[in-house]
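Numbers 253 to 473, taken from our numbering, label the letters of the sequence shown in order. Inspection log for the structure reproduced underneath, given as structure tokens.
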Amino acid sequence: MIKAQAFLEGRYAKGESGQNAGPGGGMPDGNGPDGNEMLESYESDIASIEDGDKYGNNIVDLYNPINYIGDEDTESPTWTRIVMGASESDMSLFASMNMQIAWLNSRTDVRLEWQWDGGHVPSEIFGESLTLYVDEMYGQYVEGAAEVTKAAAQTQTENGTATETTGTSKATPGFDVMDYGQETYEFGSSTQDARHFDKYVLKVLQEDAETLSELFNSEEK
């Protein structure tokens with residue numbers, strides 16, 4: 253109950269004008285001023301994804317890889333690599349571990365890496381770039397391919413003379429924007445974020461509609 257309230261306060265929070273804020277946080281999203289209209293809007297959201305995308309698939313189910321990793325109708329890859337920033341604590345750690353377990357159960361070579369100070373979508377660090385890993389795995393699993401290994405680190409006993417970094421960037425340009433796929437293609441739109449569509453949250457809203465209608469978008473907020 254508390255989690256559902258906090259979740260939806262973020263989804264349907266008011267902007268500075270007093271109107272409901274859309275996913276962007278500033279413009280109204282047309283959800284109306286009270287909990288009942290918010291419920292109607294959420295029911296509409298759920299109904300739209302239950303209908304499926306243009307391929308007949310539920311977009312929320314597609315967003316969760318656990319739903320199809322190892323499925324008998326899914327062709328599993330030979331190898332995969334998970335890089336996860338740990339700054340979001342248990343959510344990111346457990347999500348990545350569950351995904352690793354699913355890959356292992358499907359007999360896929362999987363490597364899980366945690367960056368303890370990494371954000372939601374961490375950057376590549378310590379020379380472990382995505383492109384290098386692809387080359388390493390290709391050399392390991394493709395017959396006749398050249399084997400590629402990372403160059404060994406060189407011992408340094410003196411400080412460098414450079415005063416500032418020059419031209420440094422992520423190993424994979426644009427890597428941090430890959431997380432926003434749910435707002436394009438089949439995972440949502442500019443006004444609907446597929447991550448927020450959940451039938452269990454809808455069930456809470458329906459069963460506790462009377463209580464929640466007094467909590468959301470009231471004059472006290």
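Think of the CB as a built atom: it goes at the ideal place given N, C-alpha and C, for glycine as much as any other residue. Quick caveat, the model's predicted, so the values are computed rather than measured.
With 16 other Cβ atoms within 10 Å as the buried cut-off, status of residue i
{"i": "glutamate 268", "result": "In this prediction, glutamate 268 has a pLDDT of 42, which is less than 50 and means its spatial position is unreliable; what the coordinates show is noted afterwards. Per the 10 Å Cβ criterion, exposed."}
{"i": "serine 344", "result": "buried"}
{"i": "tryptophan 368", "result": "exposed"}
{"i": "valine 312", "result": "buried"}
{"i": "glycine 287", "result": "buried"}
{"i": "aspartate 325", "result": "exposed"}
{"i": "isoleucine 321", "result": "buried"}
{"i": "threonine 463", "result": "exposed"}
{"i": "alanine 404", "result": "exposed"}
Selection from the options that minimises the alpha carbon distance to residue i
{"i": "tryptophan 366", "options": "Gly287, Glu399, Glu410 and Asp342", "result": "Asp342"}
{"i": "isoleucine 301", "options": "Glu292, Asp450, Gln392 and Asp460", "result": "Asp450"}
{"i": "isoleucine 334", "options": "Glu327, Ser348 and Ser328", "result": "Ser348"}
{"i": "leucine 402", "options": "Leu356, Glu410, Trp355 and Thr383", "result": "The question names leucine, yet the displayed sequence has lysine at residue 402. When each option's Cα is compared against that of lysine 402, the closest is Thr383."}
Residues that DSSP places opposite residue i in a beta bridge
{"i": "leucine 364", "result": "Ile334"}
Endpoints, the alpha helix (DSSP H) within which residue i is located
{"i": "lysine 474", "result": "The question about residue 474 has no answer, for the chain in this structure spans 253 to 473."}
{"i": "glutamate 292", "result": "287 to 302"}
{"i": "valine 312", "result": "311 to 315"}
Length of the line joining the Cα atoms of residue i and residue j
{"i": "aspartate 361", "j": "tyrosine 452", "result": "33 Å"}
{"i": "phenylalanine 346", "j": "glutamate 295", "result": "29 Å"}
{"i": "aspartate 305", "j": "alanine 299", "result": "12 Å"}
{"i": "alanine 338", "j": "asparagine 316", "result": "19 Å"}
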